[in-house]
Structure formats: structure tokens, C-alpha cells
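Novice: Dropping a structure here in C-alpha cells format, bear with me for questions.
There are 2 protein chains.
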Amino acid sequence: MTNENLDKQQGSTTASGRRSAKRSLTVYDDLQREIMLGVLPPMATIVEMEIAERFGCSQSTVREALIALSNDGLVERRSHRGTFVADARADDAHEMIRIRRDIESRSMVRVLRRFGSLLRSELSETIENMKAAAMQDDVYQLTLYDRAFHLNLFDAADLPSVRPMLQRCLIHNHRFKILNSGSQRDLYETAVRHEAILDALAEGNAKKATAAIAHHVTTIAEFGPDITEEDI
Amino acid sequence: MTNENLDKQQGSTTASGRRSAKRSLTVYDDLQREIMLGVLPPMATIVEMEIAERFGCSQSTVREALIALSNDGLVERRSHRGTFVADARADDAHEMIRIRRDIESRSMVRVLRRFGSLLRSELSETIENMKAAAMQDDVYQLTLYDRAFHLNLFDAADLPSVRPMLQRCLIHNHRFKILNSGSQRDLYETAVRHEAILDALAEGNAKKATAAIAHHVTTIAEFGPDITEEDI
DNA sequence: TATCGCTATATTATCGATAATGAAACGGAG
DNA sequence: CTCCGTTTCATTATCGATAATATAGCGATA
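Encoded structure:
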């Protein structure tokens, strides 16, 4: 409950109950979920007024959410034409994985400097949440916790300007994985895999931690043959 | 005049004359310039209504521009509190350079597949524009053309989802460089340096081109001792 | 029948006003 | 003098309506 980002998402994920917490965030979260799950498939058209009607809010509010989604690279806005769900191509996805791998790997030595029991227990809790989501087969919730885990960890590196880039990579990774996997059944395994990273950190071994995260990133998504290598 | 991004900027840079071309873009471009040049220093507060008054537009229009700036990581928006110019720290800047180096380096083999005389002449022209800006000591205009050069080149790699990440890196690199250099006088040299990249590409030598861009990125900004290596 | 300019239409972009909100200033109780 | 609740204030967030604009479709012309 300390991660602002996780809070954000919960704020609207819990939308079933209350409905405060910035209207535009609710729209943002809901649309993001539908795009990531493919309910809104690549190339689909999004019309501001339609969304506004659906959520019972004004066009301006939707607009803000759509702009935020375009920041994440989930939609593309064309002036006076409309907003379109972004394509999800394999080449981009692979490059995003590499970028993410590099960012997270390089961050570990910095993370280690600030790694303490507080962060450790927070991350442990997040892993437990992942497991719970996995057991309920809630793929999307699992990715939400996964994102929270990696961003929370990265925050310890204290590189605020880089954070949004990692976030963007994570979103794209997750979207691509969800869109290109016929309901794979190793969800629980995915959650458990995070423990290795935590263990390496607890050990205080920078080299081991770096290797752990690099391995983690390159293996979560069993994309084609070898993701790590330059493709084609 | 083919690059949409360059067009954007010119559209409002030329604002002295006409004033069409999306009001919010004008605000966006002007504020971006002021932030990059330090006119609006890190931590400065930006109030939506003040900007609106200054540009003679409505708060909504400013709002859109500010959201876009926060996407670029140039400002941070805090709910109901205000918008603040983002800090520009060395650690972040260094990591951004590394990310950029990796992205651009890896892209070269893809770029080479599509590199033709049209792109070559476009980039040549951009270099000439850089030289012109350098001779007029217009640092900011130089960075604008530099951005156009690198993005235009990267577009040939056809990795649309990755493009915004590169753009973000470029913006941060330029801002940090401008903010931390007491009017350095090698502007013209900076422009000329791009020719090596073009030459390597024209030669069709992937390895050489990759090395050229990597070298280019790590040397443009003579940050501290060694940018390439992990710092601290 | 192909091309060019015009118009109709769908959609965003902008506006001005009002509501919501978080933080700081204030004041009273202990 | 300090702590805690309340009010006030600066600022964003949202709304509903209007203006601007890019595209598609149509019709006239050669």
C-alpha cells in the first residue's frame, strides 16, 4: 500500500465499490485493461464521445485518459480522425524486452545499496498477491502485481526519469504476452520465479542479483526461439 | 519537410507568422523550449491558468500541453497541487544515454535494410540545417534538428513502439547537455559529427554503422569521465 | 471514365464556467 | 507553547456547449 502506482490501479480496480479517485483514472485503467486483454483489439477505433457515454462522464475526461494511454503507447491518436488501438508487433516486443532487460539489470547494483527489510517484505507480499491471482487464473491481475513488483524494485535505484521507460516496457511486454498466448497454464510458476530475485538481493550479491533479473526477464515470456539475440 | 515531428516543431517555431496548427502544440513546444533552456528551471511551478492567460487560450488547452510534457518527463503533475518542472539529475542522464546508445546501436542493422537515397538526402539536408543553426549559435534549434536526424533515421528501423522511448531519451540527453554546459563552442563540430554515421550507412557496412552510432552517442556529450561505464 | 473541387459529416479541439480537492493558515483547547 | 480540528484558498478536475478540421462522398467537367 505504499506504491503510488499500485494504489492508482487499485483505486479503480476496486471500482466495483466506491467511485471517487479521479474519474479519468477509472477510464484509463478500464481501457488499459481492455486493450491489454484484447477486448479492444489492435487497430480498433475508439471514439471519445462513445467512451464518455459509456462511463457517464464528459468528453474532456475521456480525452485525458486517452492521452495517457497514448503515452503508454497503447493507442495512437490522429488529429481530428480518432484514436486507434496500437498494433502489437513481435519485433517491437522483442526490442522492448531487451531494453527492459538492460534497464533492470543495470539497476540492480543501485537497488542493492538501498535494499532493506521494508522493501523486501513489500516485495514478498506482492509475490504472494501474484500467487493468489495466479490461482484464480486472473491473468490481468497477475500482470498488475508483476508490474508493481518490478517498478517497486526499480524505485530503489532512485532513477525517477528512467522509471516511465521501464513502465512502458513492462506494459508492452505484458500486452504482447497476453495477446500471444493461448491461455498458458504456468501462471503460478511465473509468480514463484520472482523469489529467486529476492533471494539474490537478500544475499547482497550484486552479480548474482543482476544475473537473476536478466535471466528472469529473458525467460518469462517464451517468445520464439531466442529473444536475447538480435532477431532477423 | 517530410518528417512529421520536425513539422510539428516548425509549425509553432514559426509561430511568429501564422497561428494555426493546434493551439495546444504551440503551448507544448514553447514550454518545452523554455524547460530545455532552463528559462523554467528544475522545480519551478507551472500554473495552468497563468499559462493559459499568457498564451491567450483556455485552461483545457494548456492542460493538454502539460500532460504531453509530463509524458516526455519534462514536468511532473501532482493532483490538485500543480505542475512542476522535472529535476535533471546526472545519474538519470547517464542511464538515459546508455539506453539510447543501445536502442540506436541495435537499430542499425534494421535501418540498413531500408536505407536508400531518399533517406540519405533527407538526413544530409538535416545535417546542413544543423550546421546553419550551429553557425547562428542557436543551440536549441540545433538540438531540434539533431532529434529530427536521429528519429528520422530510427524510423527506418520500423519499430514504432520503440520510437517514443528513443524520443524521450533524446529529449533528456539534450536537456541535460544544455543545462550543464557553459555555452560550449563546439556546436559546429557536433553537426559535422553526424556525417560519419551517414557515411558508414552509405557504405552498407552494418558493423561499421553500428560502431559509428555507438561512438557518436557516447561522445556527443562529454559528460564526466566515462559515461559508458556503470557510474559510482 | 477519370479528375478535380465542393460539400456534408464524423470527430476532435477549444472554450468558459463550475465542482472537487488537498494543503496551508488559523484558532481554540489543553 | 503545542496539538488537533476547521476553514479558507489556490489549483486542478470535470462538465456541457461550440468551433475547427480532416476525410469521404458526390457531382460536374473534360
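Protein chains in written order, with our numbering: chain A, 1 to 232; chain B, 1001 to 1232.
No residue lacks a Cβ here, since even glycine has one placed at the ideal position from N, Cα and C.
Closer than 8 Å, Cβ to Cβ, to anything on chain B: give me those residues from the region 138-166 of chain A, in chain order.
Specialist: Taking 8 Å as the Cβ-Cβ cut-off against chain B, the residues of the region 138-166 of chain A that qualify are 158, 159, 160, 161, 162, 164 and 165.
Novice: Would you say residue 1120 of chain B faces chain A, with C-beta separation under 9 Å as the test?
Specialist: The residue labelled residue 1120 of chain B in the question sits at position 120 within the second sequence. Output row for residue 1120 of chain B: interface = no.
Novice: Shorter than 9 Å from the beta carbon of residue 98 of chain A to some beta carbon of chain B?
Specialist: What you label residue 98 of chain A is simply residue 98 of the first sequence in a count that begins at 1. Yes, contact with chain B.
Novice: At what residues does the beta strand (DSSP E) containing residue 951 of chain B begin and finish?
Specialist: The question about residue 951 of chain B has no answer, for chain B in this structure spans 1001 to 1232.
Novice: Can you confirm whether the region 97-117 of chain A touches the region 80-88 of chain A when touching is taken to mean that 3 or more C-beta pairs between the two stretches lie within less than 8 Å?
Specialist: Not touching, per the Cβ criterion.
Novice: Do residue 161 of chain A and residue 1073 of chain B have their C-beta atoms closer together than 9 Å?
Specialist: One-based indexing of the first sequence puts residue 161 of chain A at position 161. One-based indexing of the second sequence puts residue 1073 of chain B at position 73. For residue 161 of chain A and residue 1073 of chain B, yes; Cβs fall inside 9 Å.
Novice: In chain A, which residues lie with their C-beta within 9 Å of the C-beta of residue 1064 of chain B?
Specialist: Here residue 1064 of chain B refers to the residue found at position 64 of the second sequence. The answer, in chain order, is 63, 64 and 67.
Novice: Tell me which residues of the region 20-41 of chain A have at least one Cβ-Cβ distance to chain B shorter than 8 Å, keeping chain order.
Specialist: So the close ones are 22.
Novice: Can you give me, in chain order, the residues of the region 1076-1099 of chain B that have a beta carbon less than 9 Å from any beta carbon in chain A?
Specialist: Taking 9 Å as the Cβ-Cβ cut-off against chain A, the residues of the region 1076-1099 of chain B that qualify are 1076, 1079, 1086, 1087, 1088, 1089, 1091, 1092, 1093, 1095, 1096, 1098 and 1099.
Novice: Leaving aside the five residues before and after residue 178 of chain A along the sequence, list all residues of the same chain whose C-beta is less than 8 Å from its C-beta, in chain order.
Specialist: Taking the first sequence and counting its residues from 1, the one referred to as residue 178 of chain A is at position 178. Cβ neighbours of residue 178 of chain A beyond the five flanking positions: 36, 37, 38, 139, 140 and 143.
Novice: Of the choices B:1220, B:1117, B:1094 and B:1065, whose alpha-carbon is the least far from that of residue 1199 of chain B?
Specialist: Along the second sequence, read from residue 1 onward, the residue named residue 1199 of chain B stands at position 199. Closest option to residue 1199 of chain B, Cα to Cα, is B:1117.
Novice: Run down chain A in chain order and give the residues with a C-beta less than 7 Å from the C-beta of residue 1071 of chain B.
Specialist: The residue labelled residue 1071 of chain B in the question sits at position 71 within the second sequence. Within 7 Å Cβ-Cβ: 71.
Novice: Can you find a C-beta in chain A that's less than 9 Å from the C-beta of residue 1172 of chain B?
Specialist: Start at 1 with the first residue of the second sequence, and residue 1172 of chain B comes out as number 172. Closer than 9 Å to some Cβ of chain A, the Cβ of residue 1172 of chain B qualifies, so yes.
Novice: Does residue 1047 of chain B come out as helix, strand or coil in the three-state DSSP assignment?
Specialist: Stepping through the second sequence from its first residue, residue 1047 of chain B is reached at position 47. Coil, per DSSP.
Novice: How do the region 123-135 of chain A and the region 144-159 of chain A stand: do at least 3 beta-carbon pairs fall below 8 Å, yes or no?
Specialist: The region 123-135 of chain A, when compared against the region 144-159 of chain A, does touch it at the 8 Å Cβ threshold.
Novice: Find out if the Cβ-Cβ distance for the pair residue 1025 of chain B, residue 1034 of chain B is shorter than 9 Å.
Specialist: In the second sequence, counting from the first residue as 1, residue 1025 of chain B sits at position 25. In the second sequence, counting from the first residue as 1, residue 1034 of chain B sits at position 34. No, they are not a contact pair.
Novice: At least one CB of chain B closer than 9 Å to the CB of residue 102 of chain A: is that the case?
Specialist: The residue given as residue 102 of chain A occupies position 102 in the first sequence. Yes, residue 102 of chain A counts as interfacial toward chain B.
Novice: Are the beta-carbon atoms belonging to residue 1165 of chain B and residue 1103 of chain B less than 9 Å from one another?
Specialist: As a working note, residue 1165 of chain B is residue 165 in the second sequence. As a working note, residue 1103 of chain B is residue 103 in the second sequence. Cβ distance < 9 Å, so residue 1165 of chain B and residue 1103 of chain B count as in contact.
Novice: Keeping to the same chain, check which residues put their C-beta closer than 7 Å to that of residue 1156 of chain B; ignore five residues upstream and five downstream.
Specialist: As a working note, residue 1156 of chain B is residue 156 in the second sequence. Counting only Cβ-Cβ distances below 7 Å, and skipping sequence neighbours, we find 1111, 1114, 1115 and 1119.
Novice: What are the boundary residues of the alpha helix (DSSP H) that residue 27 of chain A is part of?
Specialist: On the first sequence, position 27 is the one that residue 27 of chain A refers to. 23-37 is the span of the alpha helix (DSSP H), which, as asked, contains residue 27 of chain A.
Novice: I want to see whether chain B comes within less than 9 Å of residue 168 of chain A, judged by CB atoms only; does it?
Specialist: As a working note, residue 168 of chain A is residue 168 in the first sequence. Yes, residue 168 of chain A counts as interfacial toward chain B.
Novice: If we ignore side chains and look at the alpha-carbon of each, how far apart do residue 53 of chain A and residue 21 of chain A end up?
Specialist: Taking the first residue of the first sequence as position 1, residue 53 of chain A is located at position 53. Taking the first residue of the first sequence as position 1, residue 21 of chain A is located at position 21. Rounded to whole angstroms, residue 53 of chain A to residue 21 of chain A spans 19 Å at the Cα level.
Novice: Based on Cα-Cα distance, which residue from A:47, A:106, A:216 and A:68 lies nearest to residue 173 of chain A?
Specialist: For this step, residue 173 of chain A is matched to residue 173 along the first sequence. Among A:47, A:106, A:216 and A:68, the Cα nearest to that of residue 173 of chain A belongs to A:216.
Novice: Measuring straight from C-alpha to C-alpha, what distance separates residue 106 of chain A and residue 218 of chain A?
Specialist: By one-based count along the first sequence, residue 106 of chain A stands at place 106. By one-based count along the first sequence, residue 218 of chain A stands at place 218. Whole-angstrom Cα-Cα distance: 15 Å.
Novice: Using the C-alpha atoms, what's the distance from residue 1088 of chain B back to residue 1065 of chain B?
Specialist: Position 65 of the second sequence holds residue 1065 of chain B. Position 88 of the second sequence holds residue 1088 of chain B. So the alpha carbons of these two residues sit roughly 20 Å apart.
Novice: If you count every other CB in all the chains shown that lies within 10 Å of the CB of residue 1050 of chain B, and 16 or more means buried, which is it?
Specialist: Counting from one through the second sequence, the residue named residue 1050 of chain B turns up at place 50. By the 10 Å Cβ count, residue 1050 of chain B comes out exposed.
Novice: Leaving out five residues before and five after residue 1205 of chain B in sequence, what residues of the same chain have Cβ atoms less than 7 Å from its Cβ?
Specialist: Counting from one through the second sequence, the residue named residue 1205 of chain B turns up at place 205. For residue 1205 of chain B, where only same-chain residues beyond five positions count, there are no Cβ hits under 7 Å.
Novice: Pick from B:1186, B:1095 and B:1176: whose alpha carbon is nearest that of residue 1239 of chain B?
Specialist: Since the displayed chain B opens at 1001 and closes at 1232, residue 1239 of chain B lies outside it and no answer follows.
Novice: Which residues bound the alpha helix (DSSP H) around residue 115 of chain A?
Specialist: Here residue 115 of chain A refers to the residue found at position 115 of the first sequence. Careful: residue 115 of chain A lies outside any alpha helix (DSSP H) and carries neither H nor E.
Novice: What residue range is occupied by the uninterrupted alpha helix (DSSP H) comprising residue 139 of chain A?
Specialist: Residue numbering aside, residue 139 of chain A sits at position 139 when the first sequence is read from its first letter. 139-155 is the span of the alpha helix (DSSP H), which, as asked, contains residue 139 of chain A.
Novice: On the CB-based measure, 16 or more other CB atoms within 10 Å of its CB, does residue 78 of chain A come out buried or exposed?
Specialist: Residue 78 of chain A sits at position 78 when you count from the first residue of the first sequence. Its Cβ having fewer than 16 others within 10 Å, residue 78 of chain A is exposed.
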